[in-house]
Structure formats: structure tokens, C-alpha cells
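Peer 1:
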Amino acid sequence: MKPENQNFFHKVYDVARQIPYGRVTSYGAIAKYLGMARSARMVGWAMNGSHGMEDIPAHRVVNRKGLLTGKHHFDGSNLMQQLLESEGIKVEDNQIIGFDDYFWDPAKEL
DNA sequence: CCATTGACTAGAG
DNA sequence: CCTCTAGCCAATG
Numbered sequence: 000m001k002p003e004n005q006n007f008f009h010k011v012y013d014v015a016r017q018i019p020y021g022r023v024t025s026y027g028a029i030a031k032y033l034g035m036a037r038s039a040r041m042v043g044w045a046m047n048g049s050h051g052m053e054d055i056p057a058h059r060v061v062n063r064k065g066l067l068t069g070k071h072h073f074d075g076s077n078l079m080q081q082l083l084e085s086e087g088i089k090v091e092d093n094q095i096i097g098f099d100d101y102f103w104d105p106a107k108e109l
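Be aware that the first sequence starts at 0, since it is given in numbering that gives the first Met the number 0, and climbs by one per residue.
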């Protein structure tokens, strides 16, 4: 087994863990940073596995529109939104208000 | 092995 | 901004 072959899942976890408090990013941004911009779906899949596994702030990862597409995968029904609001992020109708203002691009900031 | 699904995105209208 | 289409790739049945 090669270190390069490391589950890209692990890479996703690393980036997700580096998301600063009160910030959010998109699956595509992470995918792009990992060099798989066309496989944003895989990032979502990785998040699915990271759920309840490590300390992955998956609630800080949303789709490109700032929509909480993955809130359904969390324990409760509104846990994701509450976590975001807890960090000072306004959420309405499953969508982040001023998403562009909170957006954190790993390929840019990291 | 083939078909379907999915926490997505970019482009065109 | 919305809707539709196509591309993407792993997991599941």
C-alpha cells in the first residue's frame, strides 16, 4: 500500500478539519484542492463516511450555492443548521445567508 | 458485470 | 435565480 494511494477520503478529512471556525466551503472547492474537481460527489461520499467517525465539521461543507444539502444526513433534522448558526452563520431555508462572505476556499486560503 | 443512486458542478437557455 | 443536461466516480444491489 502506498502513501499516495491513501484513501482520498483521508485527504478530504484533513481539509475539512482545517476549515476555520465560522467559515464554510463547498464540495467542489475541496475536490479541486485535491485535484479531483470533477468528482465533487466523491467528497460528499467521503463526508458520508466521516459522519460520526472523526471530528469532521461536516456542517461546514455545503454545496456551491451555500445550500445545506447534507443536513438530512445528520442525526436530527436541523442539527446542521443549528451548528452553523452556533458559529455565527445565518441560515434560512437550508441556505446560508451571505454564503460568499463565509466561503473559504482551501485552494486559495490554504 | 450492468444498472441505479448520490452530502455535486458547470454550462446553456 | 431557475430548470434542464451532461459529466463525474465510488458504492451498492
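Backbone N, C-alpha and C define an ideal beta-carbon position, used for all residues, glycine too.
Would residue 64 and residue 94 be called neighbours here (beta carbons separated by less than 8 Å)?
Peer 2: Yes; because the gap between Cβ atoms is below 8 Å, this pair is in contact.
Peer 1: Between the Cα of residue 15 and those of 35, 61, 87, spot the shortest distance and give me the residue it belongs to.
Peer 2: 61
Peer 1: Considering Cα atoms alone, identify which of 35, 48, 24 is closest to residue 107.
Peer 2: 24
Peer 1: If you follow the alpha helix (DSSP H) that residue 43 is part of, which residue opens it and which one closes it?
Peer 2: Its alpha helix (DSSP H) spans residues 39 to 49.
Peer 1: Note down, in chain order, each residue of its chain lying with its Cβ closer than 6 Å to the Cβ of residue 68, except the 5 sequence neighbours on either side.
Peer 2: 62
Peer 1: Would the beta-carbon of residue 33 fall within 8 Å of that of residue 58?
Peer 2: no
Peer 1: Just the Cα atoms here: how many angstroms apart are residue 47 and residue 96?
Peer 2: 24 Å
Peer 1: State the start and end residues of the unbroken alpha helix (DSSP H) segment that holds residue 29.
Peer 2: 26 to 33
Peer 1: Between 20, 29, 21, which has its C-alpha nearest residue 9's C-alpha?
Peer 2: 29
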